[in-house]
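In my numbering, the protein residues as written are 84 to 642. So the structure is just underneath, and the comments pick up after that.
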């Protein structure tokens, strides 16, 4: 073997050790960087040199520098972190919703009990105007608590919508960064030497993105069928957010027909395409959308149903009596009216107004038929002359509905042009009731405590009003039972959400810890390797020194 081969072998060995030292140092200084994967120098044996005595090795060479990477675990991290973010977000919002309902002396239950107690006091002293003022005060206190709770629900709606918009902005920022990295990585997929740090950066951005919205990742392939180094990201059943170096903007859409429901849309080439929000289940956006579109409407309807039924029950009985001046009793409580919201896509007339007009009103005296739900009205596909109404809370369908019909305690009136097949109307008989609750009278003399046969001075109607405390007009329950069940159901929902959040967080932490132990940097191991690589370098340098001495000896002999 010539000395030149020996010298080249020792230099290559020194270079290999130097690369190992540099890579170990790179690992050490990046150990605390989020998303960094441990890198390792892959060495290869140089083909031996054939001699008459056999093949003599030529040393070592650096083949490539690989990052520690586990595709399966990486996908598991994205999925579990996305679910944990969704569950944690929803749990936090449900806690805020629960706090909107005052408990104990500050709650609706206590305010209602106080009102019924004041009716009892009124029955004992129907002529006492101070007692009548107390009754008015209790009515005002009860309606104030309904309004306060309703207002807090609406404030929670607004803050949740604002957070959805903020999350969408963060998603768009992250997808733009991922697309930029894709452009840098384009064409590197089939290369032996990979830009490890750029790959780590992109993977980390995708992990961060998954905490905001659940995405599926697809490795892009070129015309030759080989990976081209870029990735595409899809959301909600196949809508693309990132395609190579191109991004599609995510947006928030609020429909006039359903202003209390938020949905997402993707804009591509100037065209906005709606996403199926029900398919967005992961990330903070998944939790926000579920809360905004499911939990809040349910809470709003339940509270509104309590307010509307209570007002109808009390007002119906109050109308059976007479006040101090002998007049028939009017409404004692006033609540928000039933509302109708047409879809943005409904047919319009020449003036841009909905071609079909729909109005709904709660039927007095039928409060016990009201349900805690919104409804959807559309043309009946089986009867062009009629309409179809769907109770959204449980999917119950009412077919063959005509204008003027009464469903679940409210009347539907339809006028204008015939409803087009694609027209939709959201009917809200109770959703806005609590937020606009008021006392309907301001003069205590107008309280109808007397019966119709004892106008002015009697207490018969006050006794009937007090007896309403046990009236089962709330879907077969008394107000106390209905209110208690509403609060209890919400409490159970909060507890279930907490359990789901704890469970998904533990799973995410376990998977994250697993991939960290497999692909992360262990400083103690790197320090040990550093000593080994230093020794390798020193030995290689010793080989070079020895080779130099041999070369010098040969030169001396030749001279």
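Cβ coordinates follow ideal geometry from the N, Cα and C atoms, glycine included.
Quiz prompt | CB-CB length for residue 428 against residue 334, believed under 8 Å | solution = The residue given as residue 428 occupies position 345 in the chain shown. The residue given as residue 334 occupies position 251 in the chain shown. In fact, because the Cβ distance is near 18 Å, the residues do not count as touching under 8 Å.
Quiz item: Which residues mark the beginning and the end of the alpha helix (DSSP H) in which residue 260 is found?
Solution: To locate residue 260, count along the chain shown from 1; it is residue 177. 212 to 268 is the extent of the alpha helix (DSSP H) around residue 260.
Quiz item: What does a CB cutoff of less than 7 Å around residue 603 pick up in its chain, not counting 5 residues either side in sequence?
Solution: Locating residue 603 in the chain shown gives position 520, where the first residue counts as 1. Cβ within range, chain order: 121.
Self-check item: Between the CA atoms of residue 368 and residue 251 - distance to the nearest angstrom
Solution: Residue mapping note: residue 251 aligns to position 168 of the chain shown, counting from 1. Residue mapping note: residue 368 aligns to position 285 of the chain shown, counting from 1. Each residue's Cα considered, the two are about 8 Å apart.
Self-check item: Straight-line Cα distance separating residue 614 from residue 95
Solution: Here the question's residue 95 lines up with position 12 in the chain shown. Here the question's residue 614 lines up with position 531 in the chain shown. One C-alpha to the other measures close to 19 Å.
Quiz item: Would you call the region 468 to 475 and the region 400 to 412 in contact, with 3 or more CB pairs under 8 Å?
Solution: no
Quiz item: For residue 533, does the three-state DSSP call read helix, strand or coil?
Solution: The sequence position of residue 533 within the chain shown is 450, counting from 1. Strand at residue 533.
Quiz prompt | Three-state secondary structure (DSSP) of residue 632 | solution = For the purposes of this step, residue 632 is taken as residue 549 along the chain shown, with counting starting at 1. Correct three-state label for residue 632: helix.
Self-check item: For residue 159 and residue 293, believed in contact at Cβ under 8 Å, the rounded distance
Solution: Residue 293 sits at position 210 when you count from the first residue of the chain shown. Residue 159 sits at position 76 when you count from the first residue of the chain shown. 11 Å between Cβ atoms; not a contact.
Exercise. List the whole-angstrom C-beta distance separating residue 536 from residue 499, where the pair is believed to meet the contact cut-off of C-beta under 8 Å.
Key: Against the chain shown, residue 536 aligns to sequence position 453. Against the chain shown, residue 499 aligns to sequence position 416. In fact, because the Cβ distance is near 47 Å, the residues do not count as touching under 8 Å.
Exercise. Could you have a look at residue 342 and say whether DSSP puts it in helix, strand or coil?
Key: Your numbering for residue 342 matches position 259 in the chain shown. Residue 342: coil per DSSP, three-state reduction.
Practice problem: Leaving aside the five residues before and after residue 568 along the sequence, list all residues of the same chain whose C-beta is less than 8 Å from its C-beta, in chain order. | Solution: Residue numbering aside, residue 568 sits at position 485 when the chain shown is read from its first letter. Correct list, in chain order: 560.
Practice problem: Compare the Cα-Cα distances from residue 341 to each of 377, 173, 464 and report the closest residue. | Solution: Taking the first residue of the chain shown as 1, we reach residue 341 at position 258. Taking only the C-alpha atoms, the option nearest residue 341 is 377.
Exercise. Ignore the nearest five residues each way along the sequence and tell me which others in residue 291's own chain have a CB closer than 7 Å to its CB.
Key: Taking the chain shown and counting its residues from 1, one reaches residue 291 at position 208. If we look at residue 291 and ignore the five residues flanking it on each side, its Cβ neighbours are 257.
Practice problem: Mind the definition here: the region 358 to 367 touches the region 547 to 567 only if three or more C-beta pairs lie below 8 Å; say whether that holds. | Solution: no
Quiz item: Within the chosen definition, does the region 521 to 529 reach the region 218 to 227 through at least 3 CB pairs nearer than 8 Å?
Solution: yes
Exercise. Answer yes if the region 176 to 183 comes into contact with the region 226 to 243, meaning at least three C-beta pairs across the two stretches below 8 Å, and no otherwise.
Key: yes
Quiz item: The beta strand (DSSP E) with residue 496 in it runs from where to where?
Solution: Here residue 496 refers to the residue found at position 413 when the chain shown is read from its first residue. Note, residue 496: beta strand (DSSP E), 493 to 499.
Quiz item: Per DSSP, what kind of secondary structure is residue 199 in: helix, strand or coil?
Solution: Residue mapping note: residue 199 aligns to position 116 of the chain shown, counting from 1. DSSP places residue 199 in helix when its eight states are reduced to three.
Quiz item: Which value, in whole angstroms, describes the spacing of the CA atoms of residue 351 and residue 326?
Solution: Stepping through the chain shown from its first residue, residue 351 is reached at position 268. Stepping through the chain shown from its first residue, residue 326 is reached at position 243. Cα to Cα, the separation comes out at about 11 Å.
Quiz item: Rounded to whole angstroms, how far is the Cβ of residue 515 from the Cβ of residue 156, which I believe are closer than 8 Å?
Solution: In the chain shown, counting from the first residue as 1, residue 515 sits at position 432. In the chain shown, counting from the first residue as 1, residue 156 sits at position 73. Contact doesn't hold; Cβ gap of about 49 Å is too wide.
Quiz item: Does DSSP put residue 563 in a helix, a strand or coil?
Solution: Counted from its first residue, the chain shown places residue 563 at position 480. Helix at residue 563.
Quiz item: Between the region 190 to 203 and the region 614 to 623, do three or more beta carbon pairs fall short of 8 Å?
Solution: no
Quiz item: Which two residues bound the contiguous beta strand (DSSP E) that contains residue 510?
Solution: By one-based count along the chain shown, residue 510 stands at place 427. Note, residue 510: beta strand (DSSP E), 508 to 511.
Quiz item: Can you pull the DSSP bridge partners for residue 471?
Solution: Translated into positions along the chain shown, residue 471 becomes position 388. In the DSSP output, where bridge partners are listed per residue, residue 471 has 461.
Quiz item: Does DSSP classify residue 380 as helix, strand or coil?
Solution: Start at 1 with the first residue of the chain shown, and residue 380 comes out as number 297. In this structure, residue 380 counts as helix in the three-state DSSP scheme.
Practice problem: Could you tell me whether the region 413 to 425 touches the region 392 to 400, where touching means 3 or more Cβ pairs closer than 8 Å? | Solution: yes
Quiz item: Are three or more beta carbon pairs between the region 381 to 394 and the region 478 to 490 nearer than 8 Å?
Solution: no
Quiz item: By how many angstroms is the C-alpha of residue 132 removed from the C-alpha of residue 139?
Solution: Residue numbering aside, residue 139 sits at position 56 when the chain shown is read from its first letter. Residue numbering aside, residue 132 sits at position 49 when the chain shown is read from its first letter. Rounded to the nearest angstrom, the two C-alpha atoms are 5 Å apart.
Exercise. Evaluate residue 572 with the Cβ neighbour count: other Cβ atoms within 10 Å of its Cβ, from every protein chain shown; 16 or more gives buried, anything less gives exposed.
Key: In the chain shown, the residue the question calls residue 572 occupies position 489. Under this definition residue 572 is an exposed residue.
Quiz item: Which residue from 430, 295, 316 puts its Cα closest to that of residue 371?
Solution: What you label residue 371 is simply residue 288 of the chain shown in a count that begins at 1. Among 430, 295, 316, the Cα nearest to that of residue 371 is on 295.
Quiz prompt | Distance CB(residue 237)-CB(residue 449) smaller than 8 Å | solution = Locating residue 237 in the chain shown gives position 154, where the first residue counts as 1. Locating residue 449 in the chain shown gives position 366, where the first residue counts as 1. Contact: no.
Self-check item: Whether residue 104 touches residue 609 by CB criterion (8 Å)
Solution: If you number the chain shown from 1, residue 104 lands on position 21. If you number the chain shown from 1, residue 609 lands on position 526. No, they are not a contact pair.
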